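The sequence shown begins at 602 in my numbering and counts up one residue at a time. Even for Gly, the Cβ is constructed at its ideal location relative to N, Cα and C. Please read all numbers here as calculations on a predicted model, not as lab measurements. Reading through the structure tokens given below for one structure.
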Amino acid sequence: MERSWILGVGLVVIAVSTSHAGTLHPDLLSRLGSLKPSEEISVIVTLIDQQDLQQFTGRDKKLRRLEITKALRDKAEKTQKPLREFLLNKNARKIIPFWIFNGMAVTLRGDQVTDLAARPEVSSVRLDGILSLPQPSPVVAGEPEWNLNAINAPALWELGFTGAGVIVASMDSGVDYLHPDIGPRWRGGTNSWFDPNNEHAAPYDSNGHGTGVMGIMVGGDAGGSAIGVAPGARWIAVKIFNDAGSATDSNIHAGYQWLLDPDGDVETDDAPEVVNNSWGFKDNPGECLPEFQADIQALKAAGIAVVFSAGNGGPNDSTNISPANYPESFAVGAVDQNQTLSSFSARGPSVCDEGIFPEIVAPGDAIRTADLTLNGISPEPFATAFGTSFAAPHVTGAMALLLSANPELTVDELEVLLKESAVDLGDSGPDNAYGFGQLDVAAAAKSMFDIYPLTVTITGRGRGSVTSDPPGITCPADCTKESIAGTLVTLTAVPAANSTFTGWSGDCGGQEATCQVSVDQVKNVTAGFYSFPWNIFLPALIRQNR
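Here it is in structure tokens:
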């Protein structure tokens, strides 16, 4: 994303006293140097007094989220009044208070900014910057579903984990609600869509970027092949980018704040469990820009995982960008169908903390996903996408799968599971290209549970099949299904025409059509079928009738 306000810093001394250099950030100083005193400028103000989030350590995520949201709101309410009065006295406009961090956005005259920064409660004043979405580039189509198979998502679906019961969110260009693979999975209601630009009251996307991202997160298979990692999850979204493709810092802050309390009622828990961010300061590689770090710290403290695309500034070292390179972010790079790092995928180490960057990689090249429906009339609303923007939602979806398997997982546990189970690529061990390796969500799940195979063998002179409940076994021939230890599987034998079921053997017995198997270890079951050889007796029957 392009920062539209970046200017030369040689103008600093013209308009601003050096006594405020510690509180006025370089981007703002640069802009002030080119303004006339009476011209207005939009800024973000951060107060010194911030809520300490380290004290909230309870295991209960809902309770901790409630406590954190209340504390953040209380801090802002108790400390912002004098500053608001100061700004009103200055005839400032568009005053937007924030509580996710203690601060506010405001538009005021350029010659009033130094007075604002000099106030004792003010920690810093930044320019309210602008981000731009990149233009899409043509890409060669890949095989449908290769990306889902590469991360072993279908293996979790077969275990019964599809993301059901989990809410995921996207901060992007919006979502095309009319898409058949996406619309049915929207949570619905005013607490499930937020457009800080006030352009659309219901889910909408004029660009397609956000729709493509959401398709990878939760999309179904309405187009004939699966496109989403967690098709059982539901989604909410913030349209941070307006229809022209730009987003202000203040709207991004407002989006994060909304995600922490979508309905504005702290007593209800309607926040998402994972937030996808396929954007970043692409024109500032190798820099640590902390604009949104406090927001992400608050979300993570409240038990909400925050996933970021690593950026497309590769292949050189230290090409990582903010906010992906924050210690609190879970950054995702991109690989192709050959498990080779995409040339564009940003590299580490993180310039914010010198840590490994990215955390892991996921498919991000030639990905089939959802596209705009053109108001519902497009017969093929699908596209092929590439970039780390489309690698990140694989991880967001994977987190939803794991949370549907174990809702009690903390953010730290989720991140550790994904890193420790990743397929090591590149240099041995974690590195600053592939991170800990390629996402393998099935391996992550298997590290949480004991998983055993149940194998069914068909035998005998007859023909028949075996089905199972939970689903997964449909055997006209031998087949195997893995299940979590302790799963009770009901097998049903279905003989074909002119065949008879003769009984079970192995870890299941009897001649009833159904049997139950507790998969508490490796289990093997044989189903027998017999076909009566009528042709052997036919001549004798004919002789008797003469």
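What does DSSP give as the partner residues of residue i in its beta bridges?
i     : result
R660  : None; R660 has no bridge partner.
G1111 : W1105
V698  : For the record, residue 698 in the displayed sequence is Pro; it is not Val. The partner list for P698 (beta bridge, DSSP) reads M705.
P804  : In the DSSP output, where bridge partners are listed per residue, P804 has none listed.
T1056 : T1081 and N1125
Q940  : Its beta-bridge partners do not exist; DSSP assigns none.
T1068 : T1075 and T1093
G934  : V962
T715  : DSSP lists no partner for T715.
G775  : D806
I768  : R835
I731  : T849
Helix, strand or coil: which one does DSSP assign to residue i?
i     : result
I968  : strand
E874  : coil
P916  : coil
K582  : The structure shown does not extend to residue 582, since the chain is modelled only from 602 to 1147, so the question has no answer here.
M705  : strand
A677  : helix
D1032 : strand
S879  : coil
G623  : The pLDDT assigned to G623 is 44, lower than 50, so where the model puts this residue is not dependable; a value taken from the coordinates is nonetheless given after this. G623 falls in the coil class under three-state DSSP.
Y1131 : strand
L648  : strand
Q894  : helix
I922  : coil
Q655  : coil
S618  : Residue confidence for S618 is low, a pLDDT of 43 falling below 50, so the modelled location carries little weight; the figure read from the coordinates is stated next. Coil, per DSSP.
R710  : strand
S1100 : coil
I783  : coil
M826  : The question names Met, yet the displayed sequence has Ser at residue 826. Correct three-state label for S826: coil.
Quick check on this structure: which residue in the options has the alpha carbon closest to the alpha carbon of residue i?
i     : options                       : result
F893  : R727, G1038 and N753          : R727
S1106 : S1100, A1114 and A1045        : A1114
L667  : D870, M705 and D716           : D870
F931  : A992, Q938, S979 and G988     : A992
T920  : F702, A947 and Q938           : A947
V714  : I968, E929, L630 and G825     : L630
R674  : D1028, T974, T1058 and L861   : L861
Q656  : A903, Y1131 and E640          : A903
S826  : E759, P745 and I649           : P745
T1101 : D1041, Q1117, R1062 and G1073 : R1062
Q652  : T974, E640 and A672           : A672
I1074 : T1093, V936 and Q681          : T1093
Quick one: Cα of residue i to Cα of residue j, how far?
i     : j     : result
Y857  : D850  : 11 Å
L749  : G790  : 30 Å
F1133 : V1123 : 34 Å
H801  : G912  : 28 Å
G711  : E678  : 27 Å
V1126 : P1077 : 14 Å
R1144 : A1086 : Note that R1144 scores 44 on pLDDT, short of 50, meaning its location in the model is unreliable; the coordinates nonetheless yield the value given after this. So the alpha carbons of these two residues sit roughly 59 Å apart.
N976  : Y805  : 10 Å
S1005 : P886  : 36 Å
F702  : A895  : 6 Å
V769  : R835  : 6 Å
G784  : A999  : 20 Å
G1129 : L760  : 26 Å
Y1131 : V1067 : 14 Å
K676  : A925  : 27 Å
H780  : D1051 : 38 Å
Could you tell me whether the Cβ atoms of residue i and residue j are closer together than 8 Å?
i     : j     : result
M818  : G829  : yes
G816  : D844  : no
D972  : T1081 : no
L1026 : F762  : no
I922  : G881  : yes
N1099 : P994  : no
F987  : G965  : yes
V1120 : T1088 : yes
I961  : K901  : no
V646  : L732  : no
S725  : H626  : yes
P959  : G1036 : yes
A1023 : L1040 : yes
D650  : T974  : no
W859  : F795  : yes
S1069 : T1091 : yes
I1149 : R685  : Summary: the structure shown does not reach residue 1149, with the chain confined to residues 602 through 1147, and so no result is reported for it.
S879  : D773  : yes
P797  : N852  : yes
May I ask you to check if the CB of residue i is nearer than 7 Å to at least one heavy atom of the ligand GTP?
i    : result
I645 : Absence of the ligand GTP is noted for the structure shown, with no ligands found whatsoever.
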